[in-house]
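Taking it in order: structure first as structure tokens, then the write-up.
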Amino acid sequence: MTDKVLKLQQTLERLSNLLRAERRSFQTKWGLLPVQFEVLNYLASCNRFSGTLMAVCDYLGQTKGSVSQTIKLLEKRGLVLKQPDETDKRISRLTLSEEGAQIISEYNSSVMLLGLDEETTDKTQSAVDALLVHLEKNIKVKPFGFCENCQYNCVISDNEYYCKLVKTPLTPEDVVKVCVEYESKSQQREG
């Protein structure tokens, strides 16, 4: 490992520790275990196609059994709602309840990253995105990404989109959320 790579790894670990400490403080306030908070955070950020048990398992890298138990506890607390899919009754769709959404909204209003100028934010986002793609490829995990950057997203007009994979119109809200079916445009060129 080169000195530059080691320094980058150490910086990322420090950043991760700071973010985790902030999150831990927030979780304690709400009486949530880390995995419970991760489920809530994922459900707040995913699109309508990605709120399923298996998508949560893939995203968190956890087993179906442990995630299922976590979701049951969150349902019992009234933070997650589970409803049968409209077209495939074998699938349950998971969404946040009003209280679950309120918790995540409060967390997302954290001041940790406020004050970064737009240029720094944009450059950092680009670098972190590239690093995430690299890590996902290296450790061979399913990539998750935003519909707006997916090879299946077709822009019809300014506020009109269509997913060529699931053959469904997308809303402006859909395209800025995380999708389980995501495939980067670069994968299309490589594949």
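If you read the sequence shown in the UniProt record's numbering, its first letter stands for residue 1, the second for the next number, and so on.
Beta carbons are placed, not taken as given, at the ideal position from N, Cα and C, and that holds for glycine.
Computed from a predicted structure; not experimentally measured.
Output the residue ranges of the alpha helix (DSSP H) runs that lie fully inside the stretch 11 to 45 and measure 4 residues or longer, sorted by chain position. 34 to 45
Go ahead and pull the three-state DSSP assignment for VAL116. Position 116 of the sequence shown, counting from 1, holds the residue named residue 116. First, the residue type needs correcting, since residue 116 is Leu and not Val in the sequence shown. Of the three classes helix, strand and coil, the one that applies to LEU116 here is coil, per DSSP.
For PRO172, the nearest candidate out of TYR162, ARG23, LYS29 and GLN83 (CA to CA): Within the sequence shown, numbered from 1, the residue matching residue 172 stands at position 172. Of TYR162, ARG23, LYS29 and GLN83, the residue nearest in Cα terms is TYR162.
Uninterrupted alpha helix (DSSP H) stretches inside the stretch 75 to 136 (no shorter than 4 residues): Correct list: 98 to 108.
Going by DSSP, what residues sit across from ASN154 in a beta bridge? Translated into the one-based positions of the sequence shown, residue 154 becomes position 154. At residue 154 the sequence reads Cys, which differs from the Asn that was named. Note: CYS154 sits in a beta bridge opposite TYR162.
Please go through the same chain and pick out, in chain order, the residues whose beta-carbon is closer than 6 Å to the beta-carbon of GLN152, but skip the five residues on each side of it. For the purposes of this step, residue 152 is identified with residue 152 of the sequence shown, where counting begins at 1. Inspection of the sequence shows that residue 152 is occupied by Tyr rather than by Gln. So the qualifying residues of the chain are CYS163, LYS164 and LEU165.
DSSP on PRO169, reduced to helix/strand/coil? What you label residue 169 is simply residue 169 of the sequence shown in a count that begins at 1. Correct three-state label for PRO169: strand.
Should the stretch 16 to 26 be regarded as contacting the stretch 119 to 127, the criterion being three or more beta carbon pairs within less than 8 Å? no
Alpha-carbon to alpha-carbon, THR2 and ILE71: Taking the sequence shown and counting its residues from 1, the one referred to as residue 71 is at position 71. Taking the sequence shown and counting its residues from 1, the one referred to as residue 2 is at position 2. The alpha-carbon atoms of ILE71 and THR2 are separated by roughly 42 Å.
Beta bridge counterpart(s) of PHE146 as assigned by DSSP: To locate residue 146, count along the sequence shown from 1; it is residue 146. Partner(s): VAL178.
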